[in-house]
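Quick notes on the structure that follows.
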Amino acid sequence: MKNYFDLSGKVALVTGASSGLGVQFAKALAEQGADIAICARRVEKLEAVKSEIEALGVKCFAHKCDVLNVDEIREMVKAVEDHYGKIDILVNNAGVGDATGAADLSDETWRSVLGTNLDAVFYVAREVGKVMLKNGYGKIINIGSLHSEVVMPLNTWPVPAYAAAKGGVKMLTKALAVEWARKGITVNAIGPAYFGSEMTNDILSTGGFDPVAQAYCPMGRAGKEGELNGAMLYFASDASSYTTGQILFVDGGWTAM
Ligand code: NDP
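For the sequence shown, numbering that gives the first Met the number 0 gives the first residue as 0, with consecutive numbering after it.
Okay, structure coming up:
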């Protein structure tokens, strides 16, 4: 039986893979046979994830990187290229949450949310893009959000910095997709609604989210572990060879209303 999502022989770099969705993405790619590179700031967590991935029967290379530092991004990308000789797949996943209202949002918080969730997505894509352009092949998957498209409803929580950054990720995805479409590189994005992670566990566990999901999410619930893997494997594999510049919302129908 043909496996349309086979990633044997591919090398995938996942940023922000020390916790949450990044770990899930790295494991899903490994389960399809890709060798993995992971990066984040917390080295002990990365080492634990590395062992879990190696137990799946593929190679894993872990490298510390603060994506707020462009020099560290350059060093990390070079280290991954030196280690594996190529990078076929990039999952641009590192990110931070923020729900500060606009009037209270400090310059520092604005810069760190935009710096992590938008600037770094570009810097990592640019550096990895150079490697992919050399090889004439690449699959870039940027992690956007429900908030690439819509903000939270009135009387819930504000997301001005987060939404500005994730909206930027959607348009950056289109811009890179068009620029590199004839160079063998596809660039797509996934827009998850709310999934359990270090970023969202407080929101999801305190009961504040459930009534919002009932009112605004047709499926009436948060996403479950594994429900992003199909979208990830589609964009990471050659199943999506004619798909570029798209953002796929995995949101229980939220953005359909
Ligand atoms: P987590 O907080 O669990 O994971 C965030 C990851 O990003 C961690 O591995 C963290 O690693 C890394 N990270 C944060 N800042 C930096 C930095 N400066 N340099 C390097 N790595 C960094 O959250 P999620 O798994 O939920 O988030 C993953 C992505 O998914 C984010 O882009 C988020 O916006 C997006 N998303 C999540 C949703 C959800 O409901 N969970 C919904 C929609 C989008 P470390 O701290 O070790 O550096």
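We put the CB at the ideal spot given by N, CA and C, even for glycine.
Here the structure is a predicted model, which means the values were calculated and not measured.
* Specify the secondary structure class of F248 as computed by DSSP and reduced to three states. => Here the question's residue 248 lines up with position 249 in the sequence shown. The answer is strand: DSSP assigns F248 an E or B state.
* **Enclosing alpha helix (DSSP H) for V123 [first to last residue]** => For the purposes of this step, residue 123 is identified with residue 124 of the sequence shown, where counting begins at 1. Note, V123: alpha helix (DSSP H), A119 to N134.
* To do: Tell me whether A25 is buried or exposed, calling it buried when 16 or more other Cβ atoms sit within 10 Å of its Cβ.
  => If you number the sequence shown from 1, residue 25 lands on position 26. Buried is the call here.
* To do: For I202, write down the residues that DSSP places opposite it in a beta bridge.
  => Here residue 202 refers to the residue found at position 203 when the sequence shown is read from its first residue. DSSP, once it has assigned bridges, lists no residue as partnering I202.
* To do: Evaluate the contact criterion for the stretch 228-237 versus the stretch 165-173: three or more CB pairs, one atom per stretch, below 8 Å.
  => no
* Could you tell me whether any non-hydrogen atom of the ligand NDP is closer than 7 Å to the CB of Y193? => Residue 193 sits at position 194 when you count from the first residue of the sequence shown. It does: the Cβ of Y193 is within 7 Å (strictly closer) of some heavy atom of the ligand NDP.
* Asked: Is D65 near the ligand NDP, judged by its Cβ being under 7 Å from some heavy atom?
  -> Here residue 65 refers to the residue found at position 66 when the sequence shown is read from its first residue. Flag set: Cβ of D65 near the ligand NDP.
* To do: Would you tell me roughly how many angstroms separate the C-alpha atoms of A54 and N91, rounded to the nearest one?
  => Along the sequence shown, one-based indexing puts residue 54 at 55. Along the sequence shown, one-based indexing puts residue 91 at 92. Rounded to the nearest angstrom, the gap between the Cα atoms of A54 and N91 is 24 Å.
* With DSSP run on the structure shown, which of helix, strand or coil describes V186? -> Here residue 186 corresponds to residue number 187 of the sequence shown, with the count starting at 1. The answer is strand: DSSP assigns V186 an E or B state.
* Asked: Helix, strand or coil for I86 per DSSP?
  -> Working through the sequence shown from its first residue, we reach residue 86 at position 87. Of the three classes helix, strand and coil, the one that applies to I86 here is coil, per DSSP.
* Under a three-way DSSP split, which group does V149 fall into? -> Locating residue 149 in the sequence shown gives position 150, where the first residue counts as 1. Note: V149 maps to coil in three-state DSSP.
* Asked: Which residue comes first and which comes last in the alpha helix (DSSP H) that contains G137?
  -> Taking the first residue of the sequence shown as 1, we reach residue 137 at position 138. Counting along the chain, G137 sits inside no alpha helix (DSSP H); it lies in the beta strand (DSSP E) bounded by residues G137 to I142.
* Mind checking whether G252 and C216 have CB atoms under 8 Å apart? -> Locating residue 252 in the sequence shown gives position 253, where the first residue counts as 1. Locating residue 216 in the sequence shown gives position 217, where the first residue counts as 1. G252 is a Cβ neighbour of C216, given a cutoff of 8 Å.
* From this set, G100, I246 and A124, which residue's C-alpha is nearest A192's C-alpha? -> By one-based count along the sequence shown, residue 192 stands at place 193. Selected option, being the one with the closest Cα: I246.
* To do: Grab the span of the beta strand (DSSP E) containing V13 for me, first residue to last.
  => The count along the sequence shown starts at 1 and reaches residue 13 at position 14. Its beta strand (DSSP E) spans residues V10 to T14.
* **Rounded distance between the beta-carbons of R220 and A212, thought under 8 Å** => For the purposes of this step, residue 212 is identified with residue 213 of the sequence shown, where counting begins at 1. For the purposes of this step, residue 220 is identified with residue 221 of the sequence shown, where counting begins at 1. That belief holds up - the Cβ atoms of A212 and R220 are roughly 6 Å apart, short of 8 Å.
* **DSSP bridge partner residues for F194 (one or two, in chain order)** => As a first step, residue 194 must be located in the sequence shown, where it is residue number 195. Bridge partners of F194: G222.
* Asked: Considering only residues of the stretch 29-87, which uninterrupted alpha helix (DSSP H) runs meet the minimum length of 4 residues and lie entirely inside it, listed in chain order?
  -> Those alpha helix (DSSP H) runs which fall completely within the stretch 29-87 and span 4+ residues are 42-53 and 69-83.
* Out of curiosity, what's the CA-to-CA distance linking V127 and K44? -> What you label residue 127 is simply residue 128 of the sequence shown in a count that begins at 1. What you label residue 44 is simply residue 45 of the sequence shown in a count that begins at 1. When rounded, the distance between both Cα atoms is 23 Å.
* Length of the line joining the Cα atoms of E30 and D209 -> For this step, residue 30 is matched to residue 31 along the sequence shown. For this step, residue 209 is matched to residue 210 along the sequence shown. So the alpha carbons of these two residues sit roughly 32 Å apart.
* **Whole-angstrom distance between E51 and L28, CA atom to CA atom** => Here the question's residue 28 lines up with position 29 in the sequence shown. Here the question's residue 51 lines up with position 52 in the sequence shown. Distance between the alpha carbons of L28 and E51 is about 13 Å.
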